[in-house]
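Written out below as structure tokens is the structure these notes cover.
Residue numbers (our numbering), protein chains in the order written: chain P, 1 to 228; chain R, 229 to 453.
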């Protein structure tokens, strides 16, 4: 006789399953890498900025590039579940819906973090970047900023899966709602790179944004996944 | 395959009850005031033309679709409250193409809090080789259907909902699957099978349910000699 599965078990199994599927198909990671690489190269050749200008614009450039690239991974997240309608098999199981949401968000966090780790050296090289502020805050900003993108992205991608224009709809919903987070990420990153002002207020804003939207997404996901 | 932990063979026990079920998709009425009671431990074959509402009825019974009005009870409770006690095999396989059969079933077994050891037994039960190291995307349609059946029974459910289980399956495999479904019924499970091939289930069906334009228009008992 089956029993209700543990939240942690479903979380771990779903992340493991998604990583295995991505490792085999490489649907998301290849597209994200290629897109980000194009952004780095095109902007680098278009502007040819000085080191000082680079520090001022790099924050915006980096995060805009990651935001657009993340959309690719976010669309793939639920596309995998829609093929062969495997999502229905989850919905009729006693597994808690929030475990699926959190697993998907953490999976996307892993994909986007891998992208960031691969792209960071290239950004540094192409834009001749050197942080004048406290560089140790950059990983904190990266983690908080990435979570802000993926938690909302995962949620809104789930909302749009049943629409025919889901790939167009996701950025239309996600980008406006991510604006406060994007503003905080860009300003915090620029503050660290230029050393002109403290990034702490922006990091605090990003933390509050993450907590608020993670809570809202967890509260509403059960309704979203069962909506027709 | 073991028998369900809670025997349900007595016909007096109600497996599913539908009370004035109406289901709209926009302005289209898919189910029109469907009221019915289905006793446990029987194999029901649901028949009807395309668009008659068979699959919608099955999805409403599983809780995958919420009725616009009316109430569904599975084993006396809301479908969402008895998920571990029923299984669902959809028209699509409900499996991940990028994973092998064992990997798929390992994942779904965990969703029901089951251990890995049930996986190989479930695969053998449907006549597949658990050592087959091939991704589901490379399976034939018949193999997918069998694996999908294995997925839907992996947690040993009391009620099984099957939507077109024999589609694209060769004749021999279809009869093998039908015999397996008959065996499950004999073990006390309740089965609802939507199909366009009723002849395959002729030897095992207890009742035929005819649907047309979103309504149950006839229920016919199968009298076996």
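All C-beta atoms, glycine included, are put in the ideal place defined by N, C-alpha and C.
Item                                                                                                                                                                             : Value
Residue 8 of chain P to residue 93 of chain P, Cα distance in whole Å?                                                                                                           : 16 Å
Do you know offhand how far residue 238 of chain R's Cα is from residue 376 of chain R's?                                                                                        : Residue confidence is low: residue 238 of chain R scores 46 on pLDDT, short of 50, so the model does not pin down where it sits. No coordinate-derived value is stated.
According to DSSP, which residues form a beta bridge with residue 267 of chain R?                                                                                                : R:242
Indicate whether residue 192 of chain P and residue 137 of chain P have their beta-carbon atoms separated by less than 8 Å.                                                      : yes
Got a sec: is the Cβ-Cβ distance from residue 93 of chain P to anything in chain R below 8 Å?                                                                                    : yes
Using a Cβ-Cβ cutoff of 7 Å, what residues of the segment 316-328 of chain R are near chain P? List them in chain order.                                                         : 316, 318, 320, 321, 322, 323, 324, 325, 326, 327
Could you give the C-beta distance for residue 230 of chain P and residue 129 of chain P, rounded to a whole number, given that I count them as a contact under 8 Å?             : The first residue shown for chain P is 1 and the last is 228, placing residue 230 of chain P beyond what the model contains.
Mind listing the chain R neighbours of residue 9 of chain P? Cutoff is C-beta to C-beta under 7 Å, in chain order.                                                               : 338
Can you check whether the C-beta of residue 204 of chain P is within less than 8 Å of a C-beta belonging to chain R?                                                             : no
How long is the line joining the alpha carbons of residue 33 of chain P and residue 69 of chain P, rounded to whole angstroms?                                                   : 8 Å
Strictly under 8 Å for the Cβ-Cβ distance: is residue 21 of chain P near chain R by that measure?                                                                                : yes
Could you please give me the residues that DSSP links to residue 151 of chain P through a beta bridge?                                                                           : DSSP lists no partner for residue 151 of chain P.
Please list the partners that residue 290 of chain R has in chain P, where partner means a Cβ-to-Cβ separation under 9 Å.                                                        : 88, 91, 92
With burial defined as no fewer than 16 other Cβ atoms inside 10 Å of the residue's Cβ, what is the status of residue 307 of chain R: buried or exposed?                         : buried
Which ranges would you report for the beta strand (DSSP E) in the segment 162-220 of chain P if only whole runs of at least 3 residues count?                                    : none
Which chain P residues are close to residue 335 of chain R, counting only those with a beta carbon under 7 Å from its beta carbon?                                               : 13, 17
When DSSP labels each residue in this structure, what does residue 443 of chain R get in the three-state scheme?                                                                 : strand
Going by beta carbon distance, what residues of the same chain come within less than 7 Å of residue 230 of chain R, once the five residues before and after it are set aside?    : Its pLDDT being 46, under 50, residue 230 of chain R is placed unreliably in this model, and the coordinates cannot settle the point.
Check whether the segment 247-265 of chain R and the segment 208-220 of chain P are in contact - that is, three or more C-beta pairs closer than 8 Å.                            : no
Can you name, in chain order, every residue of its own chain whose Cβ lies under 8 Å from the Cβ of residue 167 of chain P, other than the five neighbours on each side?         : 75
Run through the DSSP bridge pairs and tell me what residue 276 of chain R is partnered with.                                                                                     : R:439
8 Å is my cut-off, CB to CB: does residue 426 of chain R come that close to chain P?                                                                                             : no
Taking only beta-carbon atoms, is residue 76 of chain P less than 8 Å away from chain R?                                                                                         : no
Can you list, in chain order, the residues of the segment 21-42 of chain P whose Cβ is nearer than 8 Å to any Cβ on chain R?                                                     : 21, 24, 25
Using beta carbons (cut-off 8 Å, strictly below), is residue 164 of chain P in contact with chain R?                                                                             : no
Round the Cβ separation of residue 437 of chain R and residue 275 of chain R to the nearest angstrom and send it over; I've been treating them as touching at under 8 Å.         : 7 Å
Please classify residue 449 of chain R: is it buried, with 16 or more other beta-carbons within 10 angstroms of its beta-carbon, or exposed?                                     : exposed
Quick check on residue 249 of chain R: does DSSP put it in helix, strand or coil?                                                                                                : strand
Can you give the Cα-Cα distance for residue 379 of chain R and residue 361 of chain R, rounded to whole angstroms?                                                               : 17 Å
Threshold first: 4 residues or longer. Then list the alpha helix (DSSP H) segments lying entirely within the segment 63-138 of chain P, N to C.                                  : 86-91, 97-126
I believe residue 387 of chain R touches residue 336 of chain R by the beta-carbon criterion, under 8 Å. Please report the beta-carbon distance rounded to the nearest angstrom. : That pair is no contact at about 17 Å.
Which residues of chain P have a Cβ atom closer than 9 Å to the Cβ of residue 285 of chain R, listed in chain order?                                                             : By Cβ distance, chain P contributes nothing, its closest Cβ being about 15 Å from residue 285 of chain R, past 9 Å.
Where does residue 302 of chain R sit, in a helix, a strand or coil, going by DSSP?                                                                                              : strand
Classify residue 419 of chain R as helix, strand or coil using the three-state DSSP reduction.                                                                                   : strand
If the cut is a Cβ gap below 7 Å, which residues of chain P does residue 379 of chain R touch?                                                                                   : 89
For residue 389 of chain R, name the three-state secondary structure that DSSP assigns.                                                                                          : strand
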